[in-house]
Each structure stands twice: as structure tokens, then as C-alpha cells.
Amino acid sequence: MKLGFSPAEEQFRAECADWLKGQMAGEFKDIKGITKLTAMPERRKEWEQQLAAHRWSCIGWPEQWGGRNATLAQQVIFAEEYARAGIPGRINHIGIELAGPTILTFGTDEQKSRFLPDIAAGKTIFCQGFSEPGAGSDLASVRTKGRIEQVNGQDEWVVNGQKIWTSLAHISDWIFVVTRTEEGSQGPKGLSFLMMSLDQPGIEVRGIKQINGDAEFNETFFTDAQCPADSLIGAPGDGWKIAMGLLAFERGVSTLGQQMGFRNELDEIIAAAKVNGAANDLLIRQRLAKAEIGLRLMRYGALRMLSNSDLSKIDGAALTYKIQWATWRRDLGELAMDVLGQAGEVTDAAEYEWDTLPNLFLFSRSDTIYGGTNQIQRNLIAERGLGLPREPRG
Amino acid sequence: MEFALTDEQQMIAETARAFFSENATSERTRKAMASATGFDADLWQAFCTELGLSGIAIPEHAGGAGLGLIELALVAEAAGAQVAALPMLGSLALCAQAIAAGGTDAQKAELVPALLSGEMIAAYVHDAAITADGNVLTGGDGFVAHGAAAQAFVVTSNTGAWLVRAGAPGLTVTAQTTMDQTRPLARVALDGVNGEPLAEAAAAIARAHACGFIVVAAEALGGAQAALDRTVAYSNERVQFGRAIGSFQAYKHRLADLVVEIEQARSAVWWAACAADEGSDDAQLAIHAAKSFAADTFFLCAGNMIQLHGGIGFTWEHDTHLYFKRARAIQTALGNGSWHREQVAALILGDAA
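Protein chains in written order, with this note's numbering: chain A, 1 to 394; chain B, 1001 to 1353.
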């Protein structure tokens, strides 16, 4: 057992860090430090293209598709250095981390050629169409329908329904949609996974204003929206299997980069506490220590998870990771407000816009909901991890 | 990334688990609890001489096996899982380590083999307020694990470390009826006691504390996991309202919360042991994190073990109380959670309150 990375991996870290820091000091200085998810979308698309131009956009992918065939450790290191350099989150996170790997795993050669180059190049920004107003925690109760129809002599999927919580749909180009393609099917059966262009009259995207005043999330309406018949990934009816496989990708590499973002947030709280004297309060000190300990344990939990030779094997550390970080970050938001006091409850902005820490406080209420609520996570831990009887299904 | 147990480490963990679950039975532990020394002497002999794991984290030149704290932690975890009534913490993790790290050559030659073989039991006395007039020590009167069974004491202040023999003039050892009977406390008072100084006090103190924090944290991890495992087993057997109680969501969610804490405690113990073994810059932060986090986790699990067993969990007959009392004792031993977290706060804030 070892704590750190090998000398060769540390060398790779230095290479990443140099390039990323150079970019943030130079051409892309203006986006450094942005934490608002919807800010400066055009510049951030240019940033995606800059990453691609230097082959840093999807390093875990095969070289053939614009990647570097990077090892898991290298991907982790890149994600850490990316966040450490204060670079805003990837606007094409969904494309690079979810859509791409899904196509690589389940797509045909033709689909790979059609989609992967533009995702890798930062030209196609993807968003995710899973949740629906009636399918939240119960994700398998999807009602959006897809059927094959002849349109202008071509077979097309015609889709009707509504998705919700589609992050960044308003600045995305494509969406992957879990649709019910088998008439009368229920639950996880009869679902299919479709790739659809958002640029068509049959799709309407409406922002949802959130408690922090931002509108990262959207409702996405499908009214006879279309995509060619060969836009279905895998086989008809495989949608659930693919969607679940994709959630496993999500759990992997990006976690340590995400933690570096948390590190920046905690450091900002520590700095604020030193400035305003909260750092002299013994109870605040205890909570800062707890936050620090929690963050470190998250890191070593993730390293345990990633050191596991068989990543598909879900062990205890992997099952508990989501509830652990989400709860930690929600607590961090509360700690931030206790450190800031009333200064954290007012903003200098002309609009209802918040600095990093008050925004953290508000935004982190969603962390314990999206991607599986804490309550769903507890069910999973108890049922899959401990083998306890499953909840009765209605 | 190699933050996982190696094959050899897994084998050590498996060996230790098998040994303690077979031998440190509830029956034997309860017999030891009622004995004069408060520990299972036969089991300690078997552990030290037959299993051969007692010198696991002692350097080879000092007579040990030369493995790391991660290996020692695996052994302590297995012992903790059975709440074994053994002097492992005082004799091995604190005293043998202190002497091996900072003792004189003569102390090392005499005491380390005697402690590793189980012939001698030692207990660790730490008190910042001990005064030393030369090597004449006064102070203490604190609570010392297995103090009444010890033939020797390693006595430390924040700056000095000495060996004191049981029966030394001026030393008063008073056995206490202790809530956690699996590791009884004694009051140890020094009134002008002649101490035999260790050669390098700072090294001895630092090593003893690192090992002690890691070993109690590992013990707590083992105890927490055992409390969970036993509760899960019970929840599958016990039927109420026509269902196994483990099928109720209110029950499942409490168990799930315990898993979340235990997995973090495991990361904490591995991190601390590795950081100390590798001499990482974070080692201080890690050992304070591990001690405080694992102790709190164990207490949470043991408290829930009682609640989730219902009435049977409140009885003397059931082992729940052994876990609950050990968990409570670990929370206080070697610095309570608030103290350890304050050390962490001082490290990250770059000050001391």
C-alpha cells in the first residue's frame, strides 16, 4: 500500500500543471476562477477547443479519437491539476465524461466516427436527458416516447415528452435521451438510448431559475422531435443498461478533480475565518477541522476506489462516495455562512448573484438531491452493500 | 495508485482475523474481565509466541519483524473486532514502540524482547504536568490502561521519557473498577520516583503517540465494523410485524449511515498508517484525524448496535455492552476528539488557539 503516485506519474502531473497554469496566466486568463456554472459560455466553448488543440480534452480516450489513452492515474492527476489551476468546470463535461465513453463502449464504428471527433474537438456540447417530471428518484418510470416513422422517405425516431433538470441544455448542441420505445412497457424494460440534435423545431428548452438565482437547469420539451434511425446507441430496449453503465463512468475519474474544487472552497473559508476572526472561535475551529478531515478522507476513499483493480466491482467505498461528498459539501456551505456571518447574506452584485461561498451554501442543497438523493443512496448501501431486503415496488 | 492492501497485507489481516475470532471469544473475554489482571494471559501468550505478530511494526534491528504501521493496524483492527481483552495498546503500541524508537541500547536489549514475547507487560503514562528533578519524577495520578497488571511503565511528559519499574519507591498504583472491563484502568501516581531516562525522549514520545493513535483508531475501526456486522445479522433474523426488521427503511437507513462512517474510518486508518510509515508531511494531520474520526465512528456504531437490537442489546448477557463501553473508552483515551480536532485546526490555520 502506498499513499501517492509514482515518479513518472508526478512527472506527468508537472507537465499538466505547467500547461494549465500557462493557459490561465495567458490567453484564457479571463475565465480563471469562474464558479458560476452558466457564466461566459462562449469563452468556455473556446476553452474546450483549446484543450482539444493540445490533446488535453479527453485524455482517457483512445488516441484514435483524439485522446492520449491515459491511465486511470493520469486521468486523476489531470483532473486534480485542472481544478487546482482554478479553471472553471468543463462545459462539455457530459460529452467528454458520459456521452463519449458511452459511444466508445456501446456505439457502432459508424457512430464513433460520426460523434466522437466533434465531442473531442469541443465542437459538440452534450447534455443529458434522463429525469422527467414523473421520473426523478424513480428514474425507470420514464414516459417520454420514441417511435419509428417514415419522414421524407427516411426512417426517423420521433420523440414526444419532457425531460427536466437538463443541465446546460440551453448552451448545448446535442442531448442523449432515454425514451420508452416499446409501447406499453414499464420500468427499466423497453427503454432506448437516443442521440438527438437540440437544434430543431421539435425541441424547446426553458430555463429553471434556481434558489441561487442562476439557471443551469432546464426543462426540455420534445414535440415530434426527430433523429435518424441510426441514432440509437446499442439495441432498442437496452436504454436502461446503457444509462446505468454511464452512471458508473460518472462515478470514476472526475471525483478527484471535483475534490480539488472542494479544496479551493474550504481554503476560501479558512482564509475568510482568519480575516474576520472566526478562526479564534473554538467551535468554528472544531468544524473547520472536521471539514478538513472529511475532505482528506474523501480523497483517500476515492484513491481506494480507484486503486481497486476491478472498477466494475462496487465495493463499500464506491457505494458510499456520493452521500459522503454531497453531505460534506452541504455541511461546508453551512460552515461558510457561519464563518461569514451577515456579510455572507448580502451581495454587491446588481442582480441576485452570489460570490463563491454564499453560492456554495445555496447550490449545495442540490448536491444531496441530484444523481440519486441521500435517501436513495441509503437504500442502495443497505440493499446492495449490506444485502438487506429490497424496498417493495408499487 | 496503490492505495489498497497488498496480497501480503491481506494475508496478515486474514491470519489475525482468524486468530482473534477463534480465540478471543466472548466467553474468554468475560473470564478475563473478571480476573485480577483484566486481560487474557493465555491468549496474550499465544498471540506473542505462537502467532508471531507481536513485533510486526518494530524494526528488525530492535528485534521486530520490520513491517509497517499499516500491518500493525490490521492486527489491531482484528483484535478490536472481538473487543479482545489484551494489553496490546500499552505493551506493544505505546511502550515497546517508545523504547525501540528512543530507549538506550540496554533498555532496548532488555525490554523489547520481553514485551514482544509477552513475558513482561508494560503500561504507558503520559502527563504533561509531570515534573522531573534530574530523573526524580513527581506527578501523574492519571488513569492508565492495564496499569495494575504492568511490570514496567514508560512515563512521558511533553519533553522527557523514562522507564519506571513496578514497585519502585514512591510509585503508587491503584486498580480501578472500570466501566470498560476489557481494558481496566489504574491510577498511577509518582512521588519522587527514580526514573531511568530513555536516550531520545522526543523520538520515543513521537513514535509512541503515532503508534498509539493509529492502533486505537484501528481497534475502533474493527469494533465499528463488528458492531455493524452483528447488527446486520440480527436484523435479518429478528422478525416483527411479520417481516425481518432489516427490511424496514427506518432501520436500513441507520445501518447505511454507519457504513458511510465506517468506510471513512477505514480510509482514515489506512491514510494515517501509510503517512506515518512513509514519513509524509501530512502524518501529523493524519494521525489526529484517524484517532478522532475512528473513535467517533465506533461510538456511533456501538450506540446504534444497542438501539437496533432493542431490549436484548441492553442486557449484560449480550456482547453489545462490551462494544459500547470499549467505544466510550477509546473516545477518551489518548486525547479526546475535541483535542485531536484542535490539533488539526492548529495545523490548517497555522496557529494554536
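Where is the CB? At the ideal position from N, CA and C, for every residue including glycine. All of these numbers come straight from a predicted model, not from anything done at the bench.
Roughly how many whole angstroms lie between the Cα atoms of B/L1086 and B/A1079? 8 Å
Could you tell me the alpha carbon to alpha carbon distance between A/Q75 and A/T255, rounded to whole angstroms? 11 Å
Between A/I59 and A/F78, how many whole angstroms is the CB-CB distance? I'm expecting something under 8 Å. 6 Å
Between the C-alpha atoms of A/S131 and A/L139, what's the straight-line distance to the nearest angstrom? Approximately 6 Å between the Cα atoms of the pair.
Excluding five sequence neighbours on each side, which residues of the same chain lie with their C-beta closer than 7 Å to the C-beta of A/P62? N69
Which of the residues in the stretch 1003-1014 of chain B, read from start to end, lie with their CB under 8 Å from any CB of chain A? F1003, A1004, L1005, T1006 and Q1009
For my contact list, A/I233 and A/I103 are in at a C-beta cut-off of 8 Å; report their separation, rounded to the angstrom. 7 Å
Give a yes or no on whether 8 Å exceeds the smallest Cβ distance from A/L340 to chain B. The Cβ of A/L340 sits no closer than 8 Å to any Cβ of chain B.
Is the CB-CB distance between B/G1170 and B/V1193 below 8 Å? yes
Can you pull out the residues from the stretch 1053-1072 of chain B whose beta carbon lies closer than 8 Å to at least one beta carbon of chain A? So the list reads I1070, given in the order they occur along the chain.
Under 8 Å Cβ-Cβ, which residues of chain A neighbour B/D1257? Neighbours of B/D1257 on chain A, chain order: R378.
What is the DSSP secondary structure of B/T1178, reduced to helix, strand or coil? coil
For a contact defined as C-beta to C-beta under 8 Å, what are the partners of A/K274 on chain B? In chain order: L1349.
Would you mind telling me which residues of chain B sit closer than 9 Å to A/M260, beta carbon to beta carbon, in chain order? Near A/M260 there are no residues of chain B at all, since even the closest Cβ is about 16 Å away, more than 9 Å.
Thinking just about the alpha-carbon of each residue, which of B/E1119, B/C1301, B/T1178 and B/I1214 is nearest to the one in B/W1271? Checking every option, the nearest Cα to that of B/W1271 belongs to B/I1214.
How many Å lie between B/T1156 and B/N1135 at the Cα? 12 Å
Report the three-state DSSP secondary structure of B/T1138 (helix, strand or coil). strand
Residues near A/P188 by beta carbon distance below 7 Å, same chain, minus five either side: A140 and W240
Sequence ranges, beta strand (DSSP E) only - wholly within the stretch 91-170 of chain A, length at least 3: 126-129, 145-151 and 154-164
Chain A partners of B/W1270, CB-CB under 8 Å? M1, Y300 and R304
Taking 8 Å as the cut-off, decide whether the C-beta atoms of A/K2 and B/F1299 are in contact. Remark: C-beta atoms of A/K2 and B/F1299 do not approach each other more closely than 8 Å.
Starting from the Cα of A/G184, find the closest Cα among A/R147, A/L98 and A/T38 and give me that residue. A/R147
Through-space distance from B/M1179 to B/V1154, alpha-carbon basis: 24 Å
Using the Cα positions of A/K21 and A/A85, report the straight-line distance between them to the nearest angstrom. Counting only the Cα atoms, A/A85 lies some 6 Å from A/K21.
Pair within 8 Å by beta-carbon distance, B/T1182 and B/V1083: yes
Taking only beta-carbon atoms, is B/C1301 less than 8 Å away from chain A? At a cut-off of 8 Å, the C-beta of B/C1301 has no neighbouring C-beta in chain A.
Spatial neighbours of B/G1195 in its chain, beta-carbon cut-off 7 Å, leaving aside the 5 residues before and after: Same-chain partners within the cutoff: N1135, L1137, V1155, W1162, L1163 and V1164.
Would B/M1011 be called buried (16 or more neighbouring beta carbons within 10 Å of its own) or exposed? exposed
Using 8 Å as the threshold, is the C-beta distance between A/A289 and B/A1345 below it? In this structure, A/A289 lies near B/A1345, with their beta-carbon atoms less than 8 Å apart.
Nearest by alpha-carbon distance to A/L246: which of A/G100, A/Q50 and A/T38 is it? A/G100
Near A/T38, which residues of its chain fall below 7 Å by C-beta distance, leaving aside the five closest residues on each side in sequence? D214, A215 and E216, listed in sequence order.
Strictly below 7 Å CB to CB, what residues from chain B border A/T320? Close to A/T320, with beta-carbon spacing below 7 Å, are these residues of chain B in chain order: V1259, V1260 and E1263.
For B/D1133, the three-state DSSP class (helix, strand or coil): strand
Counting pairs of Cβ atoms below 8 Å between the stretch 1062-1082 of chain B and the stretch 1139-1151 of chain B, do you hit three or more? Because the criterion of three Cβ pairs below 8 Å is not met, the stretch 1062-1082 of chain B and the stretch 1139-1151 of chain B do not touch.
Can the beta-carbon of A/Q377 be found less than 8 Å from the beta-carbon of A/I293? no
Since B/W1162 sits in a beta bridge, which residues does DSSP pair it with? B/V1155 and B/P1197
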